[in-house]
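Following the working numbering, the numbering of the sequence shown begins with 529 at its first residue and continues without gaps.
Glycine included, C-beta positions come from ideal geometry on N, C-alpha and C.
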Amino acid sequence: MQDKKEYTGGPSNSRRKTFDIWFALIILFSVISIAIIYFGISIGTTNLTSYLFLIPIIFVANRYPERGIAFSFIVGLLLVAIYYPLVPTLEDAYLIFVNSVVLVGTGTVTSLLSRELSKEKGRYESIFSTSQAGILLVDKKTLEIKEVNDRFARMVSFSPKGLEGHSLGLIWEDFTEMERFFSVIADIQAASDVETQFKTRNGKTRDFLISVGVGYGSTFVLTATDITDRKIAEKEREQERIRAQTYLNTAGVMLFVVRSDHLIGLVNNKCAEVLGFREAELLGRNWFENFVPREYRDMQRRRFNAIISGSSTIGDEFEHPVMTPKGERIIAGHFTPLREGSGLIASVLFSAEDVTEARQMQHELIISEENYRTLFEAGSAATAILEHDGTLSLVNSRFERMTGYSKYEVEGRMRWNDFLYREGEMQDGMVPFGGEPLGAGAPIEYEMRIKNRKGEPRDILVTTSPIPQTSRYVTSILDITRRKQSEDELRASLKEKEVLLKEVHHRVKNNMQVISSLVSLQSDKIADKDMLERLRETENRVKSMALVHESLYQSENLAEIDPAKYLKILAEEVISSYALETEVELEFDIDVDLLDIDTALPCGLIINELVSNSLKHGFKGRKHGVISIAMHEIGSEYLLTVKDDGVGLPPDFDVTALDSLGIRLINVLTRQMRGTITIETGGPGGSFTFHIPAQKK
């Protein structure tokens, strides 16, 4: 940074006491002029000596303009008095008179001009000394302060003499700025309203607004206004504006000010966000022309003007659309007139919220309510809205027809319990109105009996749901009286058929047991072992079928049996029918709950054949053997596996190529169930796996 130059030197000599010098000069030149005139007369010449009086006349007229005219007349008369007695001819007398007139005229004109100049100087000095602005006369080349008024001296805490004769750099805060400023002024010769800073005598810095023009001679005329207080006030106002803007921006609502000329004077961030512009882009724009739709514009403008004039009698709330770059939005809020210090309303503060979504939701809600009322009234079921205590607040026409009561009689006057067939009777699942409110969740459905206006019983199916965010319920009611009557009739008919079907299963089981007993009696008289074996197999097959019918007879479900229980009894019955030296152990792994008769009967016959085959061929010469029976439901099929740990099957075993009755029966039964067989051969023990489609339940 360049060091500031210090300018020193004494005060100027422009202000001196001049009264004695001027008066002495006037006396001196007057005496000299008279002496020269007399000397000229003594040597015989009078041509030029009279003009010597011009010097004292001009001095007097310039220094004492109010006495200049009188002094010039006195000198003129004195000249005539001196020369007139001495002139020899009339022509010489005429010349003396002309010279006197010239002297008087010169004195008069000079006095008049001096008077005007004195007036101008007085006016200048008055302005200079009484001006509210500081005034400095500064040398163009050296920037030395030639003259300064008291006003400026007080501004910087100096006396005028303390500044005059010193460089302007004594008080200019930034010396580099000063030099740059005056180098520009040297070219353009003038500048106005330039802000800078001057130092006071005590070293403080103050802000000034200066203007510079060219003065007389080689000087600049510099006027300065102290704007320090104004700058402080502006700074405070700016800080206050920033604080106010901060408060405005933190508000969650739109805030904006519209002046009396309809221009926007202030906005906050929320307002700018809703309108889709930056804050700076909104300021100064006409609110009504730019943001209020045409169909609302005139009405809103008239209302605004009425507020400004103070004649508005309407409320302070408003709601209307506004135009944004992305389309119209709806704002709603209230306004507050803002008054000046004089009490006049100068602008209006608008406080608003964007209610577009809320109004859209209200519109949709109205449509939804209309749709709901239409559906409520036109629904095929009787429908009612119930309060928490069971009061019916709204019913539809079907409810009227079902109960025989009119809407007027029901709505708000009757409770749900008033319709119970037996007063106070609570049925299973019934909503206990008046108790704890139901929570949100699936609707509650239950059947109950009510009475109509005539006291006749009606069976109904009730579906009750709590209405969200309220303590009310919507209840849909179907009259199922006829259905209940039909169900009772059907239930009685089914009961008869169940008894009949149980009797059928019982009789079939008994008949098969008779057949089994006959076969057993017949086998006692047959000596042929092969024939005896065939009869035993037939007896076991009949027993397996009889066991199915016995299970169905004992089951509550006449169409399905428990496969685990059935297959266990069946396998044990087959083993007990053979006189074996081998101890055979049965293993079961069955997780199928119920099996229909069309699957259970073939599976029982298949297991009968396979267990019989294992007992006859699988455990010869062994003391112990194991037969495993497993049945699982995997996906959409049953997986039935029967295996033993006996001698196994030959590698070339083909179930389709064998001609034995048992194998043929297994093939037929598998095809009957639309199943397939997988056989494991070539190892210890044999394994048959059946893939059987599960019946649809």
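Query	Result
Using the C-alpha atoms, what's the distance from ASP735 back to GLY633?	54 angstroms
Going by DSSP in three states, MET942 sits in which element: helix, strand or coil?	coil
Quick one, are the C-beta atoms of VAL876 and PHE819 less than 8 angstroms apart?	no
Within its chain, find whatever has a CB closer than 6 angstroms to the CB of THR1217; leave out the 5 residues flanking it on each side and keep chain order.	THR1169 and THR1206
In terms of alpha-carbon separation, which member of TYR1106, HIS1160, GLU1137 and THR728 lies closest to PRO1091?	HIS1160
Given GLY963, which residues of its chain have a CB within under 6 angstroms of its CB, disregarding the five upstream and five downstream residues?	With a pLDDT of only 48 at GLY963, under the threshold of 50, the placement of this residue in the model should not be trusted, and no figure is reported.
Tell me which same chain residues have a C-beta within less than 8 angstroms of the C-beta of VAL786, skipping the five on either side of it?	ILE792, GLY793, TRP815, PHE832, SER875, VAL876 and PHE878
The ligand ATP heavy atoms versus the CB of GLY855: any closer than 7 angstroms?	For the ligand ATP, the structure offers nothing, since it holds no ligand at all.
Quick one: Cα of THR1127 to Cα of MET1201, how far?	7 angstroms
Kindly indicate which three-state DSSP category ASP1126 falls into: helix, strand or coil?	helix
In the region 1101-1154, which residue ranges form an unbroken beta strand (DSSP E) of at least 3 residues, counting only runs that do not cross its ends?	1111-1118
Please report how far the alpha carbon of PHE863 lies from the alpha carbon of GLN890, in whole angstroms.	24 angstroms
Hey, how far is the Cα of ALA1226 from the Cα of ARG643?	Since the first residue of the chain shown is 529 and the last is 1225, residue 1226 is not available in this structure.
From this set, PHE557, LEU893, LEU1189 and ALA808, which residue's C-alpha is nearest GLN773's C-alpha?	ALA808
The alpha helix (DSSP H) that contains GLU856, what's its start and end?	Per DSSP, GLU856 belongs to no alpha helix (DSSP H); it is in the beta strand (DSSP E), 855-867.
May I have the straight-line CA-CA distance separating PHE587 from ASP702, to the nearest angstrom?	47 angstroms
Note down, one range per segment and in chain order, each beta strand (DSSP E) of at least 3 residues found wholly within the region 725-790.	733-742, 747-754 and 782-787
Return yes when the Cβ of VAL740 is within less than 8 angstroms of the Cβ of ALA718, no when it is not.	yes
Mind checking whether ILE978 and ILE988 have CB atoms under 8 angstroms apart?	yes
Which same chain residues end up closer than 7 angstroms to HIS790 when comparing Cβ atoms and leaving out the 5 residues on each side of it in sequence?	ASN814, TRP815 and PHE816
Cα separation between GLY780 and GLU885?	16 angstroms
Counting pairs of Cβ atoms below 8 angstroms between the region 758-775 and the region 678-694, do you hit three or more?	no
DSSP has ARG986 in a bridge; who is on the other side?	ILE978
Can at least three beta-carbon pairs, one atom from the region 916-926 and one from the region 934-941, be found at a separation below 8 angstroms?	yes
Comparing C-alpha positions only, which one of GLY596, GLY635, ARG591 and TYR566 sits nearest to ALA609?	TYR566
At which residues does the alpha helix (DSSP H) containing HIS891 begin and terminate?	884-906
Give the single residue among LEU606, GLU856 and ILE873 whose Cα lies nearest to the Cα of GLY838.	ILE873
I need the boundaries of the beta strand (DSSP E) containing GLU672, first residue and last residue.	Counting along the chain, GLU672 falls outside any beta strand (DSSP E), and DSSP gives it neither H nor E.
Using the C-alpha atoms, what's the distance from ILE713 back to ASP844?	57 angstroms
The alpha helix (DSSP H) spanning PHE927 covers which residue range?	925-931
What is the DSSP secondary structure of PRO1221, reduced to helix, strand or coil?	strand
Is LEU1233 near ALA681, with beta carbons less than 8 angstroms apart?	For the chain, the structure presents residues 529 to 1225; residue 1233 sits outside this window and is missing.
Look at the alpha carbon of CYS1226 and the alpha carbon of LEU1197, and state the distance between them as a whole number of angstroms.	For residue 1226 there is no data in the structure shown, the boundaries of the chain being 529 and 1225.
I'd like the span of the beta strand (DSSP E) that includes ILE1207, first residue to last.	1204-1208
Which value, in whole angstroms, describes the spacing of the CA atoms of PHE547 and PHE557?	Below a pLDDT of 50, predicted positions are generally treated as unreliable, and PHE547, at 47, falls in that range; no measurement from the model is reported.
Can the beta-carbon of THR747 be found less than 8 angstroms from the beta-carbon of ASP667?	yes
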